[in-house]
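Notes follow once the structure below has been shown.
Residue numbers (our numbering): 9 to 322.
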């Protein structure tokens, strides 16, 4: 007669989760680092912790814009996971930062309406797909997909009928604080103190590149301030010049280009701002960060290739 064996002890309820439930949990956890990194990659920083700090600064400056940016970041990260895009790019925020910046812009510029969420979802999808396509070809997307989404949105305004939000104050060209204000204005943060805090967060991650970008921004600001006596209309382009010049110098630094190339990029971006402002200003069309993109693409294709280039393409 066989010896009876005791029945196995039932497993606790927590261990009885179905494979589908476990997979869902892994799917969500996998998307979380990218959600934070999306904010940092706007400034070329592949760090979730830096992204959290930048989100906090944005929330202090404009909570609705921060919330819309966070929603866009979550949607972009989940979309990247669902499309099974490369894990390293998702985790470092290299696929969702354009969508995040688009969400921040939406939250800053317009009040939510009936078509607001639907159109933002379309823009998130387009920016993620465009960023992934460029990354697949080893081309720096920069903020090109964001600029494209915003241009398309601007063209759709007669049919969208969105109500504008009160615009933030522009940076004051009369003081050196203009340079730090421009750093914050990249994500539509206007107050000088918060722009300085944003710069400090960036300096914690890459002090040399950030300091050189600051020096290039000071050079451009000095030229702008000096030119206003002879060319008063220069003040109208000041905010755009400050934003795009800083981003160009920072981006070229992150790509390992020499300081001379970074300064050249800042000056080229400023010149493009002036040209685009003269062409698009009468039409009421903003150029956002298009000059930064054009300047960096030009300098990356013409400047000598460094021996050791950083693989950061935000």
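Glycine is no exception: its CB is placed at the ideal position from the N, C-alpha and C atoms.
Keep in mind it's a predicted model, so treat the numbers as computed, not measured.
Tell me which same chain residues have a C-beta within less than 6 Å of the C-beta of residue i, skipping the five on either side of it?
| i | result |
| --- | --- |
| residue 152 | 301 |
| residue 184 | none |
| residue 278 | 228, 249 and 253 |
| residue 291 | none |
| residue 33 | Model confidence at residue 33 stands at a pLDDT of 49, short of 50, so the residue's coordinates are unreliable; what they give is reported in the following sentence. Closer than 6 Å at the Cβ level, and outside the excluded window around residue 33, lies no residue. |
| residue 271 | 224 |
Who does residue i pair with in a DSSP beta bridge?
| i | result |
| --- | --- |
| residue 172 | 118 |
Just to check my reading of the structure: residue i and residue j have Cβ atoms closer than 8 Å, yes? What is that Cβ distance to the nearest angstrom?
| i | j | result |
| --- | --- | --- |
| residue 261 | residue 229 | Their Cβ separation, rounded to whole angstroms, is 18 Å, which puts residue 261 and residue 229 out of contact at 8 Å. |
| residue 123 | residue 80 | Actually they do not touch by this definition, with Cβ atoms about 16 Å apart. |
| residue 65 | residue 206 | 5 Å |
| residue 259 | residue 304 | 5 Å |
| residue 115 | residue 76 | 3 Å |
Mind checking if residue i is an interface residue toward chain D, Cβ cutoff 7 Å exclusive?
| i | result |
| --- | --- |
| residue 213 | You won't find chain D in this structure, because it holds only one protein chain. |
Cutting at 7 Å between CB atoms, please list the residues of its own chain near residue i, excluding the five before and the five after it.
| i | result |
| --- | --- |
| residue 232 | 181, 242, 246 and 249 |
| residue 306 | 276 |
| residue 56 | 41, 44 and 45 |
| residue 200 | 185, 188 and 189 |
| residue 101 | 42, 45, 46, 48, 49, 54 and 59 |
| residue 311 | 265 and 269 |
Check: Taking three-plus beta-carbon pairs below 8 Å as touching, is the stretch 153-163 in contact with the stretch 194-204?
Finding: The stretch 153-163 vs the stretch 194-204: no contact.
Margin query: Does the stretch 208-220 come into contact with the stretch 45-55, if we say contact requires no fewer than three beta-carbon pairs (one atom in each stretch) closer than 8 Å?
Written below: These segments touch.
Margin query: So, does the stretch 265-274 touch the stretch 234-248, judging by three or more C-beta pairs under 8 Å?
Written below: Under the 8 Å Cβ criterion, the stretch 265-274 does not count as touching the stretch 234-248, having fewer than three qualifying pairs.
Margin query: Pairs of beta-carbons, one from the stretch 66-77 and one from the stretch 87-101, closer than 8 Å: are there three or more?
Written below: Flag = no, the stretch 66-77 and the stretch 87-101 do not touch.
Check: Which residue spans inside the stretch 36-88 form an unbroken beta strand (DSSP E) run of at least 3?
Finding: None, since the stretch 36-88 contains no complete beta strand (DSSP E) of that length.
Next item on the list: Flag this pair as touching only if the stretch 139-151 and the stretch 94-104 have three or more C-beta atom pairs under 8 Å; answer yes or no.
Entry: Yes, the stretch 139-151 touches the stretch 94-104.
Item checked: alpha helix (DSSP H) runs contained entirely in the stretch 140-216, provided each spans 4 or more residues -> Counting only runs of 4 or more, we get 152-163, 165-168, 185-193 and 200-213.
Checklist line | In chain order, each beta strand (DSSP E) run of at least 3 residues that lies wholly inside the stretch 225-260 | finding: Qualifying beta strand (DSSP E) stretches: none in this window.
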